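Chemist: Protein chains in written order, with this note's numbering: chain A, -5 to 161; chain B, 17 to 334. Ideal Cβ positions, reconstructed from N, Cα and C, are used throughout, including at glycine. Predicted model only: the values in this text are computed from it and were never measured. Next up is a structure, given as structure tokens.
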Amino acid sequence: MKAKANEAFSAFLDGEASEIDVQRMLKALDEQPALLSQWHGLSKAKAGLQGEVLIDTALTFAAAVPAETSAVNSTGWRFRLQQAGIAAAVALVVITGARYSLTPEPSAPVVATVVAPERINTALAQQQFEAQRRLDQYLREHAEQASFTTGHVVVPAQLQWVEAQSE
Amino acid sequence: MRSYLYLCALLLLGAAPVQAMEWQWLNAMRQSVQETNYRGDYIHRRGDQTNAYSIVHRFDQGQAVELLRQLDGDMIEILRDGLRTVCYFPDGSEAAMTHAVPAAPFSQVAELDLQRIGENYQARASGEQRVAGFNARIIELKGDEWRYSQRFWLETESNLLLQSELISADGQVLEQFRFTRLEIAVTIEDVELTPSLKDAAVLQQVAFRSPADVANDAGYRSALDWLPAGFSLAHAEARQDSTGIYEQRTFSDGLTSFSVFIEGLALPATGQSTLAKMGATTALMTAVNGYSVTIIGEIPALTAKKIAQMLSIDRPAL
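Okay, here's the thing in structure tokens:
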């Protein structure tokens, strides 16, 4: 179970987590709230290895979580949403940095998005997660429609993020 | 001078049937993919990712039955029986269920609109090559700046598609489908079309939707003020609820397609757009008038950007 949850978190770090991955993470967090700080450590270590820019805000959210004992019993959607936000916040530490490393050719007009620490909050993290989920859905819808006219129809695999641009 | 004109006329006469021949081959290919019995393995390469599949295809009494099996990564089996598609997953591979169903190229295309494809692509025969142990003739369809070129390898006798590629303007292969092993016109037993995961704990069934006859996007709040030449509306659906509007359209030029998704409420713009690429698939996410706009298709980034730039959405009247 824990290995699966760690895999899910790893996918999360890579920006490739599916809905099921998140469910798995939440379940693991329900059972072992200590995982949160462990994952946070992992995400920092990984980002450090890749020489990414770290914006460490996740721990402040961890502190904002209600007492862990109540966490185990609570299954309300509001609490789950909050947890999803926290999980996303942990991931965001790296995701924000990842944009730098995935920038393609230096000649391309790419402006990396720098999210000021005060702007990183669970709402934003959730927004990002929501955007990813929505994109997956769109890809499936497109693949289905494309199959009626197009030769090349396949399962949308993970996307490679090549550009993030502020306007 | 006169002989020169004769020569030109002869050349023109000579060129026209060759052109027609290539289109005939393509049409025969589409039919062959669906109406021939075959079994084999193929790979699909998308960007830097490659997946291998096995396929068993039988055509019997006007109906095609096909069993696809993903050979690497998660085990997935897909049984396509006429208009019905059933996916089988082993226990514990729930993550694989979030993926769409892979289909062999052209296996679901009812009819190729050659007239239309001919207006948007230039066909050219470019020699022969050996693929998966068979001789194949190569047909190239050259696109313009708004669409990718495509290349097809057709088996010389059955016209079965052995390999196909999507190629960018600078000649880079973005996506490739290729048989590595193939047996054509074989007898397929029922047992070969029986999924090995049939009794597995996890099973997902996907009902196959037929495309609507005529797509209609009248009354939509968004409008595409520019379309790359040759593309027309192939599918449209919309709904509206408390979370805002949802408008989905798919456009096709007869061979390639892209979809445009508009969603949400007119929120203050975040002012950020993101471009993602996977093989030949481009996904552009942006905001127009506060609505979330996503364009996904097997089109160059330039095309997606121009569509987004020329897209307008009315705000609801207050």
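(1) Is the Cβ-Cβ distance between leucine 198 of chain B and aspartate 88 of chain B less than 9 Å?
(2) Quick check on the DSSP output: the alpha helix (DSSP H) that includes glycine 143 of chain B runs from which residue to which?
(3) Helix or strand or just coil, what does DSSP make of valine 230 of chain B?
(4) Pairs of beta-carbons, one from the region 297 to 315 of chain B and one from the region 142 to 158 of chain B, closer than 8 Å: are there three or more?
(5) Could I get the ranges of all uninterrupted alpha helix (DSSP H) runs contained in the region 41 to 121 of chain B, with 4 residues as the minimum, in chain order?
(6) Applying a beta-carbon distance threshold of less than 7 Å, which residues of chain B neighbour glutamate 135 of chain A?
(7) Give me the Cα-Cα distance between glycine 246 of chain B and leucine 99 of chain B, rounded to the nearest whole angstrom.
(8) Which residues bound the alpha helix (DSSP H) around lysine 321 of chain B?
(9) Taking Cβ-Cβ distances shorter than 8 Å, what residues in chain A pair up with alanine 299 of chain B?
(10) Under 9 Å between C-beta atoms, does alanine 324 of chain B make it to chain A?
(11) Give the DSSP-derived three-state secondary structure of phenylalanine 142 of chain A in the structure shown.
(12) So, helix, strand or coil for isoleucine 200 of chain B, using DSSP?
(13) Are the CB atoms of alanine 139 of chain B and leucine 128 of chain B nearer to each other than 9 Å?
(14) Just to confirm before moving on: does the CB-CB distance between leucine 130 of chain B and tryptophan 39 of chain B stay below 9 Å?
(15) List the residues of chain A that glycine 313 of chain B touches, going by C-beta distances under 8 Å, in chain order.
(16) With H, G and I counted as helix, E and B as strand and the rest as coil, what does DSSP make of arginine 166 of chain A?
(17) In chain order, what residues of the same chain have a beta carbon less than 6 Å from the beta carbon of tryptophan 162 of chain B, not counting five sequence neighbours either side?
(18) Report the neighbours of threonine 310 of chain B on chain A: residues whose CB is nearer than 8 Å to its CB, in chain order.
(19) Nearest to glycine 143 of chain B by alpha carbon, out of B/Gly159, B/Arg167, B/Gly134 and B/Asn136?
(20) Using a Cβ-Cβ cutoff of less than 7 Å, which residues in the same chain neighbour phenylalanine 193 of chain B once the five nearest sequence positions on both sides are dropped?
(21) Inspect the beta-carbon positions of valine 102 of chain B and isoleucine 94 of chain B and report whether they are closer than 9 Å.
(22) Going by other Cβ atoms of all chains shown within 10 Å of its Cβ, with 16 needed for buried, is aspartate 76 of chain B buried or exposed?
(23) Who are the Cβ neighbours of leucine 271 of chain B in its own chain at under 6 Å, not counting the five residues just before and after it?
(24) Quick one: what's asparagine 151 of chain B bridged to in DSSP?
(25) Could you check whether the Cβ of proline 316 of chain B sits closer than 9 Å to any Cβ belonging to chain A?
(26) The beta strand (DSSP E) spanning serine 273 of chain B covers which residue range?
(27) Given this structure, state the Cα-to-Cα distance separating alanine 140 of chain A from threonine 266 of chain B, to the nearest angstrom.
(28) Just to confirm my understanding: we take leucine 327 of chain B, look at its own chain, exclude 5 residues before and 5 after, and list those with CB closer than 6 Å. What are they?
(29) Quick check on valine 72 of chain B: buried or exposed, where buried means 16 or more other Cβ atoms within 10 Å of its Cβ?
(30) Between tryptophan 33 of chain A and serine 4 of chain A, what straight-line distance do the alpha-carbon atoms span, to the nearest angstrom?
(31) Can you tell me which of the three DSSP states aspartate 206 of chain B falls into?
(32) Are the beta-carbon atoms belonging to leucine 291 of chain B and isoleucine 261 of chain B less than 9 Å from one another?
(33) Pull the bridge partners of serine 308 of chain B from the DSSP assignment, please.
(34) At least one CB of chain A closer than 9 Å to the CB of glutamate 135 of chain B: is that the case?
(35) State yes or no: is the beta carbon of alanine 336 of chain B nearer than 9 Å to at least one beta carbon in chain A?
(36) Determine whether the Cβ of alanine 22 of chain A lies closer than 9 Å to any Cβ atom of chain B.
Modeler: This is what the structure gives:
(1) no
(2) First-last for glycine 143 of chain B: 138 to 147, but that is the beta strand (DSSP E), not the alpha helix (DSSP H).
(3) Judged by DSSP in its simplified three-state form, valine 230 of chain B adopts coil rather than helix or strand.
(4) no
(5) none
(6) What glutamate 135 of chain A touches in chain B: Gln264 and Ser275.
(7) 29 Å
(8) 317 to 325
(9) Leu129, Tyr132, Leu133 and Leu153
(10) With 9 Å as the cut-off, alanine 324 of chain B does not count as an interface residue toward chain A.
(11) coil
(12) It is a strand residue.
(13) no
(14) In contact: leucine 130 of chain B and tryptophan 39 of chain B (Cβ atoms closer than 9 Å).
(15) Within chain A, the residues whose beta carbon sits less than 8 Å from that of glycine 313 of chain B are His136 and Ala140, listed in sequence order.
(16) Nothing can be reported for residue 166 of chain A, as the shown portion of chain A is limited to -5 through 161.
(17) Pro244 and Thr319
(18) Arg128, Leu129 and Tyr132
(19) When only C-alpha atoms are compared, the closest one is B/Arg167.
(20) The answer, listed in chain order, is Tyr58, His60, Pro121, Gln179 and Ser180.
(21) yes
(22) exposed
(23) Ile133
(24) B/Arg146
(25) Chain A, which has no Cβ nearer than 9 Å to the Cβ of proline 316 of chain B, makes this no.
(26) 273 to 280
(27) For alanine 140 of chain A and threonine 266 of chain B, the distance between alpha carbons rounds to 8 Å.
(28) Leu240 and Val304
(29) buried
(30) 9 Å
(31) helix
(32) Not in contact: leucine 291 of chain B and isoleucine 261 of chain B (Cβ atoms no closer than 9 Å).
(33) Looking at the DSSP assignment, serine 308 of chain B forms a beta bridge with B/Glu279 and B/Ala303.
(34) no
(35) Nothing about residue 336 of chain B can be reported from this structure: the residues present for chain B run from 17 to 334 only.
(36) no
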